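Protein chains: 2
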Amino acid sequence: METEQKKFLLTAKKSENITEWYTQVIVNSEFVDYSAVSGMMVYRPDSYFAWDTIKEATDRMFKEVGVQDVYFPLFIPERFLTKESEHVKGFSPEVAWITHAGQSELSERLAVRPTSETIMYDSFSRWVRSWRDLPIKFNIWASVVRWEFKHPTPLLRSREFLWNEGHSAYASFEEAEAERKVILDIYEKILKDYLALPGVRGRKTDSEKFAGAIASYSIEHLMPDGWVLQGPDHHSDGQNFAKAFDIKFLDKDGTKKYVFQNTYAISTRELGAMVLTHGDDKGLVLPPKLARIQIVLVPIYNELKKEEVLRYSRSVNESLNKSFRTYLDDRDEYSPGWKYNEWEMKGVPVRLEIGQREVDSVSVTAVRRDTGKKETVKLDQLGQFITSLLEDIHTNLYTKALKFLESHTYSVSSYDDLKKLVGSGIVQSPWCGSDKCEAKVKEETGAKITNLPSDVQDKAVGQKCIYCGEEAKFIANFAKSY
Amino acid sequence: METEQKKFLLTAKKSENITEWYTQVIVNSEFVDYSAVSGMMVYRPDSYFAWDTIKEATDRMFKEVGVQDVYFPLFIPERFLTKESEHVKGFSPEVAWITHAGQSELSERLAVRPTSETIMYDSFSRWVRSWRDLPIKFNIWASVVRWEFKHPTPLLRSREFLWNEGHSAYASFEEAEAERKVILDIYEKILKDYLALPGVRGRKTDSEKFAGAIASYSIEHLMPDGWVLQGPDHHSDGQNFAKAFDIKFLDKDGTKKYVFQNTYAISTRELGAMVLTHGDDKGLVLPPKLARIQIVLVPIYNELKKEEVLRYSRSVNESLNKSFRTYLDDRDEYSPGWKYNEWEMKGVPVRLEIGQREVDSVSVTAVRRDTGKKETVKLDQLGQFITSLLEDIHTNLYTKALKFLESHTYSVSSYDDLKKLVGSGIVQSPWCGSDKCEAKVKEETGAKITNLPSDVQDKAVGQKCIYCGEEAKFIANFAKSY
């Protein structure tokens, strides 16, 4: 028993060593596990459930705006990857290469999908003939491999991760541009309604944009350690790939034109953002919609009252599991206290304690995971109570995260202030737009521009660049970044 | 226009050259496409929709019986694959190998997932401690790669395909065995209720079982050319992998024991079985539940009446698309006849023709894809009519396929009869159970034992083996096989 108890203890504290805390909490909670392949991880039932729920919800919203799911090969011929010069530069350092099949050496190396632009657009070039074939709004749910040589961290920086890849082709630049708001609105809704995560939407700088795109837009998350983690993104590819892959259509006016394209993605990295944001020193804290088990029932008894308490617990469980995902923990060999620790570690949103007192008063004692608050609830009000409790937990998680984001977003106009605040949050500063100033700030402070936040760009007018003092063109979010 | 019309024509007839017909129909209907990677294919929206529907329905049923979804790495270290000797023999001839990442050569080759037993069971060995950790009932929805050197055919024999992989671990052999019926019942229900496909359930012979299993059970489909195609399967692994990967648990009696394991799968190959079974010389015929578009509305008008017919068509479409997946084909540049051909090729279950006559009589003309039967339906009865029409189409497809299976399943007791019938269906024959007789029949007739059908095994009693004349132990299904 001793060894099993140990695994539900965290030795690291989130506020003291978030890196060590993160590693302990994701593994000890049985959320994910390391695998025998260095840098690749295992999604155990709780993490896969959370991802699958995000996937289903996102997919439903994609379909509402006319996106269709497809699937493209896992392997990509080397000659395709090299067709768009920026693209290959971005990806080839971390591509996993197939060289042999069975006993035979292949005549051309094949890349394991790091992203699918090139293999998809090869098909697009054969499928697109006339304006009638446009727009194409395709999506694939896939696993991708990027053999990162930096220190891999499960969920945050893994050599394989799961994501959606949206790929579209439009007849005009304007139509292509209009897609961005639609998709980023969907992502923002998923983040807020499912992951309880706020974010900052904005354009990436040219030095930070996607390899092959003309512009990238992202939603960035602020983590509790004051560092920023990149969330979902949407890339405007312009006609770069259309030209490289010869995707042309006959327009209504009788002329041949190249299409305009976009790509977009949300990945399992969001689960890492969720753990970092909501977790505490007892373990995971899961937003109720993403919890495979939403309510755990723990019966408390001595041998004398065992049957009565268990019978009552079972009937409570049966009435709840029609509407909620519940689990009755009737394991005999563990004490209630041990069970509390385990389910708190696993982040289950609500615990119901059921002892003789509860049986006698026809009630249960409900404990919420996010605040630890206890409440006794009469059985005839339990369903309604749980419904609003789960909503309340979700809202509380989101509100806390949003407050943290807002209170750790600083607006400064001097480089000294930026330097003081870097590492403790997002530092919004006027910027002239030059790569050189961006690079210098990064070199001197370790902070990069995470994005140019959409909602405050009007404030750049009349301000001076934080680094060179020239006229500012943008308000840039400087931060240390995961 | 001429070139676009051509692509919706089939030059091959199903009854004359089913191989050529199949290739034409799956590509010309835009169901799937070839990709630039030899032997790997693209799932276009219609095929992916069908697969996703199968996946969702199967997953729902899995969850009802306690199966949990997880995800394991795409890559598998070479040393794992070689741990179970039968397993590695079965897979290594067709494994795609990663040897390099970026510019670096890996110290150990990694296999791209051909199946996940070994990487999963490595984790099981760390996760399983006591009887409390059992049973494990895990499933992954994944893409797998098997670099077949036989002629690849999209959906039927593709170098990458999509499937579920169920992997379980039980404390006892009996519990492990009990799982088979539960899972094969689910698969049979999916085949019948979604794909409208019947099948024959039974055990595989030892020479045909899964690499590493102690016994395999399959559902086999009979195709219209009289050949058999293997469908979903369930494998009893016994303790083979448990011993190779050291998966032991402390049982209630205080002793350490190896677990008993199973694996099971359904794959995108079912879509190939569906195309082969239901398709005709006009193209695909999709079972209504798997059709991305269930009903296409084709307005028919001259310039004079155009607006009136279109307005009416739109209102019919709006009333239907709340309950069904509909598409109003209002493309001006194609004739109604051209549209009929296209939607028939794509296998859309119901076509509604709407012209002035229909407007005047407040009705539509409904044409069903499976029989071509036309019927005029009053608008106020349309919803109910369509509901039962879709059900009727599904039932008709299933009934036709079942009749074909039944009428092409022959029971024989002489080898001469077997030889005469081989290639035209399933030949049920008494068999002594020896590998030698099985191999001899295969050598001489080209027919293998597809499985030992569960429902007729009692008939073996008192019969003689079709080949050697010794006492029969089984009734075996001999057939030519895909």
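Chains A and B, in that order, are what the protein sequence lines are. Quick note on numbering: my numbering labels position 159 of the first sequence as 159, and the sequence is numbered without any gaps. Quick note on numbering: my numbering labels position 217 of the second sequence as 699, and the sequence is numbered without any gaps. Glycine included, every Cβ here is placed at the ideal spot set by N, Cα and C. Just so it is clear, the structure is predicted and the values come from calculations on it, not from any experiment.
Three or more Cβ pairs drawn from the segment 345-360 of chain A and the segment 294-309 of chain A lie within less than 8 Å of each other, which places the two stretches in contact. The CB of B/SER650 never comes closer than 9 Å to any CB in chain A; the least such distance is about 13 Å. DSSP, read as helix, strand or coil, puts A/LEU162 in strand. By the CB criterion at 8 Å, B/GLY648 and B/ILE665 fall inside the cutoff. Taken through DSSP and simplified to helix, strand or coil, A/TRP431 comes out as strand. Using a CB distance cut-off of 8 Å, B/ALA518 counts as an interface residue toward chain A. With a threshold of 8 Å between beta carbons, A/GLN68 makes contact with chain B. Here A/GLN356 carries a helix assignment [DSSP, helix/strand/coil]. If you check the CB distance, A/PHE241 and A/GLY212 come in under 8 Å.
Within 8 Å of the CB of B/SER567, no CB atom of chain A is found; the nearest one sits about 18 Å away.
When secondary structure is reduced to three states using DSSP, A/ALA273 falls in the helix class. Contact note: A/TYR48 reaches chain B through ASP551, VAL552, TYR553, using a C-beta cutoff of 7 Å and chain order.
Per DSSP, B/TYR553 lies in no alpha helix (DSSP H) and is assigned neither H nor E. Inclusion of B/TRP613 and B/LEU732 in the CB contact set at 8 Å is warranted, their separation being smaller than that value. The three-state secondary structure of A/LYS137, taken from DSSP, is strand. Contiguous beta strand (DSSP E) elements confined to the segment 745-823 of chain B occur at 777-781, 808-810, taking only those with 3 or more residues.
Against A/PHE149, the close residues of chain B are ALA583, GLY584, SER586, in the order they occur along the chain (beta-carbon pairs closer than 9 Å).
B/ILE696 is positioned such that its CB atom lies closer than 8 Å to that of B/GLY720. The shortest C-alpha to C-alpha distance from B/TRP913 to any of B/LYS946, B/LYS885, B/PRO935 is the one to B/LYS946.
One thing to note: A/ILE386 has its Cβ within 8 Å of the Cβ of A/ILE295.
The secondary-structure analysis by DSSP pairs B/HIS876 with nothing; it has no beta-bridge partner. Taking 3 residues as the shortest admissible run, the segment 919-952 of chain B contains the following complete beta strand (DSSP E) segments, listed from N- to C-terminal end: 930-935. Checking the DSSP bridge columns, you'll see B/HIS582 partnered with A/TRP97, B/GLU587.
Here the segment 667-683 of chain B makes contact with the segment 870-885 of chain B; the two share three or more CB pairs at distances below 8 Å.
For A/LEU250, the closest Cβ of chain B is not nearer than 8 Å.
For A/VAL112, the closest Cβ of chain B is nearer than 8 Å.
Under the criterion of beta carbons closer than 8 Å, A/PHE62 and A/ILE186 qualify as touching, at roughly 7 Å.
Sixteen is the threshold: when 16 or more other Cβ atoms of the shown chains lie within 10 Å of the Cβ of A/HIS234, as they do, the residue is buried. Closer than 8 Å to the CB of A/GLU160 there is at least one CB belonging to chain B.
Contact of A/ALA211 with chain B is not assigned, every C-beta pair being separated by 8 Å or more. DSSP, reduced to helix, strand and coil, places B/ILE672 within a helical segment of the structure shown.
Within chain B, the residues ASP515, SER517, VAL524 have their CB atoms less than 8 Å from the CB of A/SER123, given in chain order. If you look at A/ASN477, you'll find it in the beta strand (DSSP E) that goes 474-479.
The residue among B/LEU934, B/LYS955, B/TYR516 with its C-alpha nearest the C-alpha of B/ILE701 is B/LEU934. Nearest Cα to A/GLU78 within the set A/GLU64, A/GLY347, A/ILE98: A/ILE98.
Taking 8 Å as the cut-off, the Cβ atoms of B/GLN910 and B/SER889 do not count as close.
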